[in-house]
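J.:
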Amino acid sequence: MVSSMSALLICGLVARTQAAMPSLLAWVSPSALGASIYLLIGFLFVVIVGGGVTLLIVSIVRGRRWEKTVAAEVERVRLAKLRPDGEPWPPFGRGMCEACARAFDKVYYLADGRRLCEKCYASIEMGADPGAPITSEQEPS
Ligand SMILES: [Zn+2]
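Residue numbers for the sequence shown follow our numbering, so the first one is 72 and each next one is one higher.
Shown next, in the form of structure tokens:
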């Protein structure tokens, strides 16, 4: 019942469209219709090409910016592995500092087997005793 009603509705719609087509064609001259179609095709061509060119330019600009960001990050990581004098830092990882007996995210693994936190390692670099009592500036905040 429903399908026959919808078929009847579609047939009515098609008949009404077919009835409207001749009057539409009479209203629009064939040359104007062709010009409109050419205008529409040209407009779509300009939109598609313009969009493509815009997309290309944006991609190039973002790609160059991304390359600069990657190069800066690579340089930052490279410099983080080097001491100010250009020598590499010892290998490091998480662990316990043997001098101050506390856990740190960054503990240097020295060649002689000791494991020292950054501040104890810096105190060794300055010639101080790494087992010295912790000063207030070494306290974790
Ligand atoms: Zn320490």
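All C-beta atoms, glycine included, are put in the ideal place defined by N, C-alpha and C.
Looking only at its own chain, which residues have a Cβ that is under 6 angstroms from the Cβ of Q209, when we skip the five neighbours before and after it?
T.: Residue placement at Q209 is poorly supported in this model, since its pLDDT is 48, which falls under 50; the coordinates are not used for a value here.
J.: Does R165 come out as helix, strand or coil in the three-state DSSP assignment?
T.: R165: strand per DSSP, three-state reduction.
J.: With respect to 7 angstroms, is the separation between the Cβ of K152 and the closest non-hydrogen atom of ligand 1 below this value?
T.: No; taking the cut-off as 7 angstroms, the Cβ of K152 has no heavy atom of ligand 1 nearer than that.
J.: From L127 to A143, what distance separates their C-alpha atoms?
T.: Approximately 24 angstroms between the Cα atoms of the pair.
J.: Tell me which residue opens and which closes the alpha helix (DSSP H) that L181 is part of.
T.: Where L181 is concerned, there is no enclosing alpha helix (DSSP H), given that its DSSP letter is neither H nor E.
J.: Where do the N-terminal and C-terminal ends of the alpha helix (DSSP H) with R149 fall, by residue?
T.: That run of the alpha helix (DSSP H) goes 101-151.
J.: Report the rounded CA-to-CA distance for I195 versus V148, giving the unit in angstroms.
T.: Roughly 24 angstroms between the two C-alpha positions.
J.: Figure out for me which residue from Y179, G105, V129, R135 has the closest Cα to the Cα of R165.
T.: Here the closest residue by C-alpha is Y179.
J.: Mark S207 as exposed unless 16 or more other C-beta atoms lie within 10 angstroms of its C-beta, in which case mark it buried.
T.: Bear in mind that a pLDDT of 49 at S207, under 50, signals an unreliable position, so the model cannot answer this.
J.: Does the distance between the C-beta of A174 and the nearest non-hydrogen atom of ligand 1 fall short of 7 angstroms?
T.: No, the Cβ of A174 stays beyond 7 angstroms of every heavy atom of ligand 1.
J.: What are the start and end residues of the beta strand (DSSP E) that includes C191?
T.: First-last for C191: 189-196, but that is the alpha helix (DSSP H), not the beta strand (DSSP E).
J.: Please report the distance separating the alpha-carbon of I81 from that of V132.
T.: Answer to the nearest angstrom: the Cα atoms are 52 angstroms apart.
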